[in-house]
Amino acid sequence: MRILLDTHVVLWALTDPARLGRRRELVADPDATRMLSAVVVWEVAIKVGLGRLHLGASVGDWAWRARRDLQAESVAISEAHVAGVADLPHHHRDPFDRLLVAQARHLGVPIVTADRLLSAYDVEVLDLT
343 MRILLDTHVV LWALTDPARL GRRRELVADP DATRMLSAVV VWEVAIKVGL
393 GRLHLGASVG DWAWRARRDL QAESVAISEA HVAGVADLPH HHRDPFDRLL
443 VAQARHLGVP IVTADRLLSA YDVEVLDLT
């Protein structure tokens with residue numbers, strides 16, 4: 343199974359896996375293909391720049407380690423992903439989450455998240471709660 347990881351899922355998986363709850367096994371499943379989007383790295387970079395998140399490493403090093411430690415494949419942001427945001431209803435104001443939803447729809451994969459608002463979109467959500 344291919345799964346797209348929301349930002350908080352990546353952060354929790356790396357720092358506090360117990361917070362993943364019942365989806366912890368899915369995130370750690372060796373048969374799952376974990377997908378780490380550039381959207382996540384972008385959101386982390388913004389939070390670091392605003393002083394709301396401290397990584398102990400550069401964002402680039404953190405992203406490399408996250409891919410390595412989670413054995414995740416990198417997903418770039420494409421023009422089709424960005425254009426797909428225009429097709430989404432406005433259930434959610436967070437631009438990072440909206441772009442992740444557009445990516446998941448385009449790639450045909452579920453999103454692993456604890457954000458219940460994402461369930462309002464026409465995308466498969468694997469809820470952590």
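Just so we're aligned, residue 343 is where the sequence shown starts under the working numbering, counting upward by one.
No residue lacks a Cβ here, since even glycine has one placed at the ideal position from N, Cα and C.
None of these values were measured; they are calculated from a predicted model.
Residue i - DSSP class collapsed to helix/strand/coil
| i | result |
| --- | --- |
| Asp469 | strand |
| Ile345 | strand |
| Val454 | strand |
| Pro359 | helix |
| Ala399 | coil |
| Gly393 | coil |
| His434 | coil |
| Ile388 | helix |
| Ser461 | helix |
| Asp371 | coil |
Bridge-paired residues (DSSP) for residue i
| i | result |
| --- | --- |
| Ala414 | Arg376 |
For residue j and residue i, believed in contact at Cβ under 8 Å, the rounded distance
| i | j | result |
| --- | --- | --- |
| Val417 | Met377 | 5 Å |
| Trp404 | Val382 | With a Cβ gap of about 10 Å, Trp404 and Val382 do not count as contacting. |
Residue i vs residue j beta-carbon contact at 7 Å
| i | j | result |
| --- | --- | --- |
| Arg365 | Val454 | yes |
| Arg344 | Val451 | yes |
| Val393 | Leu470 | Rather than Val, the amino acid found at residue 393 in this sequence is Gly. No, they are not a contact pair. |
| His491 | Ala422 | Given that the chain is displayed from residue 343 to residue 471, the structure contains no residue 491 and the question cannot be resolved. |
| Leu459 | His433 | yes |
| Ala456 | Leu346 | no |
Cutoff 7 Å: residue i Cβ touching any chain B Cβ
| i | result |
| --- | --- |
| Arg409 | Of the protein chains in this structure there is only one, and it is not chain B. |
Assigned exposure category for residue i - 16 Cβ within 10 Å defines buried
| i | result |
| --- | --- |
| Gln413 | exposed |
| Ser461 | exposed |
| Asp439 | buried |
| Asp348 | buried |
| Ala428 | exposed |
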